[in-house]
Structure formats: C-alpha cells, structure tokens
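What follows is a single structure, written as structure tokens, with notes after it.
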Amino acid sequence: MPSTATNIRGITHQTRGQAASDGDGVSLQRIIGTHDLSMIDPFLLFDAFGSDDPDQYIGGFPTHPHRGFETVTYMLAGAVRHKDNAGHEGVITPGGVQWMTAGSGISHSEMPEQEDGLLRGFQLWVNLPAKDKMTAPAYQEFAAAEIPQEQHDNHHIRVVAGTTSAGTQGAVTALATKSIYLDVSLKDGASFSQSLPPEHNGFIYMIEGEAVCGPDKTVLLPHVLGILGPGDTVELQAANGPCRFLLIGGKALHEPVARYGPFVMNTEDEIRQAFKDYQQGKF
Ligand code: FE
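Anchor point for the sequence shown: position 8 equals 17 in this note's numbering, and the numbering is continuous, going up by one each time.
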C-alpha cells in the first residue's frame, strides 16, 4: 500500500547565537558559524544585523575576499551597496536579495547606503560542493518587487529561493544545494506547512512574534534559531499573535570543510592556495 504519510520535523536545538563584531565594527548576532554551532551543512554562517544606531553599522564591510561558497544578503530595512573587483556594483534595498556565488574568488565591499536610520537584514553563507568551488563568480540579484509572493487567507510567503508546497518558484535558483529560503508571515493562530526533503538540513529563524513548531509544539521566541530535525515536512503555527520567520533549508553536502575566515574549501592545501592566489592579486 503506498504511503502518503508525512514525517513532521521537530526542533532539535535552539540558539540565539552570540553578539559579534565584524567588518569595520559592524555589530551583529552570529547564529551559525560560532564555537557552539559551527555549521548546519550546507550552511556555514548566519548573521542577523539590525540597528538604528549608525555607530553600530556605519563602518560596513570594506574590501575583503571570498572563495569556495555563496553569500546571501537579504534586507528587511535600509540598504547596502556592494562593489566587486570585476566592476560589478549595486544596492540591495529592503525586501531585496543578493545571492552571490563567490566560486573561484571575488573581492568586494558591502557598505551601508545610508548615514542614519534602521539597517536590518541577514547574511547567510551557503557552501558549494568540491566540483563547484572554483566555478566562475556569479550573481543572482532581485529587488523586493521581483521576489515571487504567495498570498493566502491567513499567511503570506515571500519566496526568495526554492519552491513552495503550492508550487511557487523562488527568485533564486541554488543548483548545488537546492536551497530553499522563505520569508513567512502568519496571522495569529495561522498554520503553515512546507515540504523539505529528508536529505535537506534546515532551520527556522524567528524574525518577530512566536510560533510553535513540529510534533512536540516546540515554542520558538523572537530572534531564536531552531534547527529542524529529521523528516520531510515543516509545520509551524503562530502563537500569541502574528509572527514572521525565515525557513531556510539546503541539501547537505557531506564533504570535508576546511575554512579560514573568508575562504571555505575542502582541504588545508586549498586554503593555502586561496591565500596565495589572493595575495598575488588573482581576485
Ligand atoms: Fe562579503
């Protein structure tokens, strides 16, 4: 008898990450990429930044390199200008995303495009498999209006990447990891369900409000990241009012990870080569 039963994913671990400073004095909350949570394969780093105090962000991220993975910047408020060594430049505005495949190497700056007011958003690092680490750098950039949305009676989804259970295809295609990146808003008491294949790892990040998640109805509070356990379906329900969260998932790569700062490769030798190539001005 064919089974259509779903296996609902629970929450195995919760963390608020730790306060950190990166770039030229930008205050942020590092949630993946810490001593306690070094990665959720294929996700290497997840930072949440949000401040209306320019002293906390004005320094931005002056020129720095990346090799071997993808960086994803998703803005909620304020704007960031990026500029790379290949002449690529643009501004990421509220509701917009930049999915940058650093591949063989890129050197860029990411600076606030404002002198005051609220700057709020996220940066995610998505690993690339060995076969794609030295691919040519590429960008997928979309303004808020270009991101597909799904409006339901009691919930709303902005589909940054991946495909929803209702079939809406996201703006970004992440071929290697088949990543899904949804920005979901639920009305009070509303439920949300999304399939996430068993070979994907994933997490929920609560932007605001509260939700209960999974068979155990684990409570997720604002600014908490909940790691999804095994299963094939994600289920959340808004609790104590409306809520908004990110659902992010990707196919685990199961490859060795050698990382040093802005370089993420498979071996230490490849890290040394990345430093050498960068010092020789190759990117
Ligand atoms: Fe960067």
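Just so you know, even glycine gets a beta-carbon here, dropped at the ideal spot from N, CA and C.
Here the structure is a predicted model, which is why all the values come from computation and not from measurement.
State the beta-bridge partners of residue 97 as determined by DSSP.
In the sequence shown, counting from the first residue as 1, residue 97 sits at position 88. Partner(s): none; residue 97 has no beta bridge.
Going by the beta-carbon positions, is the gap between residue 53 and residue 70 smaller than 9 Å?
Taking the first residue of the sequence shown as 1, we reach residue 53 at position 44. Taking the first residue of the sequence shown as 1, we reach residue 70 at position 61. No; because the gap between Cβ atoms is not below 9 Å, this pair is not in contact.
9 Å Cβ cutoff met for residue 153 and residue 127
Residue mapping note: residue 153 aligns to position 144 of the sequence shown, counting from 1. Residue mapping note: residue 127 aligns to position 118 of the sequence shown, counting from 1. Contact flag unset, no.
Between which two residues does the alpha helix (DSSP H) containing residue 226 stretch?
Looking up residue 226 in the sequence shown gives position 217. Where residue 226 is concerned, there is no enclosing alpha helix (DSSP H), given that its DSSP letter is neither H nor E.
Same chain, Cβ closer than 7 Å to residue 22, neighbours up to 5 away in sequence not counted:
The residue labelled residue 22 in the question sits at position 13 within the sequence shown. Excluding residues within five positions, the ones whose Cβ falls inside 7 Å are 236.
Might you give, ordered along the chain, the residues of its own chain that have their beta carbon closer than 6 Å to the beta carbon of residue 167, omitting 5 neighbours on each side?
Residue 167 sits at position 158 when you count from the first residue of the sequence shown. Closer than 6 Å at Cβ, skipping near neighbours: 156, 158, 192.
Answer with buried or exposed for residue 56, where buried requires no fewer than 16 other C-beta atoms within 10 angstroms of its C-beta.
For this step, residue 56 is matched to residue 47 along the sequence shown. It is buried - the Cβ of residue 56 has at least 16 other Cβ atoms within 10 Å.
Hey, is residue 119 close to ligand 1, as in C-beta under 8 Å from one of its heavy atoms?
Walking along the sequence shown from the start, residue 119 turns up at place 110. For ligand 1, at least one heavy atom lies less than 8 Å from the Cβ of residue 119.
With a cut-off of 8 Å on the beta carbons, I'd call residue 19 and residue 238 a contact; round off their distance for me.
Mapped onto the sequence shown, residue 19 falls at position 10. Mapped onto the sequence shown, residue 238 falls at position 229. Their Cβ separation, rounded to whole angstroms, is 4 Å, which keeps residue 19 and residue 238 in contact under 8 Å.
Taking only heavy atoms of ligand 1 into account, decide whether any of them is closer than 8 Å to the Cβ of residue 22.
For the purposes of this step, residue 22 is identified with residue 13 of the sequence shown, where counting begins at 1. Flag unset: Cβ of residue 22 not near ligand 1.
Minimum C-alpha distance to residue 181 - residue among 188, 170, 174
Locating residue 181 in the sequence shown gives position 172, counting from the first residue. Closest by alpha carbon: 170.
Secondary structure, beta strand (DSSP E): runs of 3+ residues fully inside the stretch 124-161
The stretch 124-161 contains these whole beta strand (DSSP E) runs: 128-136, 147-151, 158-160.
Same chain, Cβ closer than 6 Å to residue 108, neighbours up to 5 away in sequence not counted:
As a first step, residue 108 is located in the sequence shown; it is residue number 99 there, counting from the start. Excluding positions up to five away in sequence, the list reads 81, 149, 181.
Considering only the beta carbon of each residue, do residue 130 and residue 100 sit closer than 9 Å?
Here residue 130 refers to the residue found at position 121 of the sequence shown. Here residue 100 refers to the residue found at position 91 of the sequence shown. No, the pair does not count as a contact, with Cβ atoms beyond the cut-off.
Residue 45 - DSSP class collapsed to helix/strand/coil
Working through the sequence shown from its first residue, we reach residue 45 at position 36. Looking at residue 45 - three-state DSSP - the assignment turns out to be coil, as it is neither helix nor strand.
Ligand 1 heavy atoms versus the CB of residue 293: any closer than 8 Å?
This structure gives no information on residue 293, because the portion of the chain shown stretches from 10 to 292.
Which partner residues does residue 5 have in the DSSP bridge list?
Coverage of the chain is limited to positions 10 through 292, which leaves residue 5 absent and any answer about it impossible.
Going by Cα to Cα distance, which pick from 72, 42, 36 is closest to residue 60?
In the sequence shown, counting from the first residue as 1, residue 60 sits at position 51. For residue 60, the nearest C-alpha among the options comes from 36.
Hey, residue 186 and residue 147: beta-carbon distance below 9 Å or not?
As a first step, residue 186 must be located in the sequence shown, where it is residue number 177. As a first step, residue 147 must be located in the sequence shown, where it is residue number 138. It is not a contact, given that the beta carbons lie outside the stated cut-off.
What residues in its chain sit with their C-beta under 7 Å from that of residue 288, if we drop five residues either side in the sequence?
Position 279 of the sequence shown, counted from the start, is the residue given in the question as residue 288. Answer for residue 288: no residue qualifies.
Span separating the alpha-carbon of residue 116 from that of residue 273:
The residue labelled residue 116 in the question sits at position 107 within the sequence shown. The residue labelled residue 273 in the question sits at position 264 within the sequence shown. For residue 116 and residue 273, the distance between alpha carbons rounds to 14 Å.
Smallest Cα separation from residue 202: which of 232, 183, 240, 230?
Residue numbering aside, residue 202 sits at position 193 when the sequence shown is read from its first letter. Checked all of 232, 183, 240, 230; the closest Cα to residue 202 is 240.
Inter-residue Cα distance where the pair is residue 95 and residue 112:
As a first step, residue 95 must be located in the sequence shown, where it is residue number 86. As a first step, residue 112 must be located in the sequence shown, where it is residue number 103. Between the alpha carbons of residue 95 and residue 112 lies a gap of roughly 13 Å.
Would you please state the rounded distance, in angstroms, between the beta carbons of residue 72 and residue 30? I believe it to be under 8 Å.
The residue given as residue 72 occupies position 63 in the sequence shown. The residue given as residue 30 occupies position 21 in the sequence shown. That belief does not hold up - the Cβ atoms of residue 72 and residue 30 are roughly 18 Å apart, past 8 Å.
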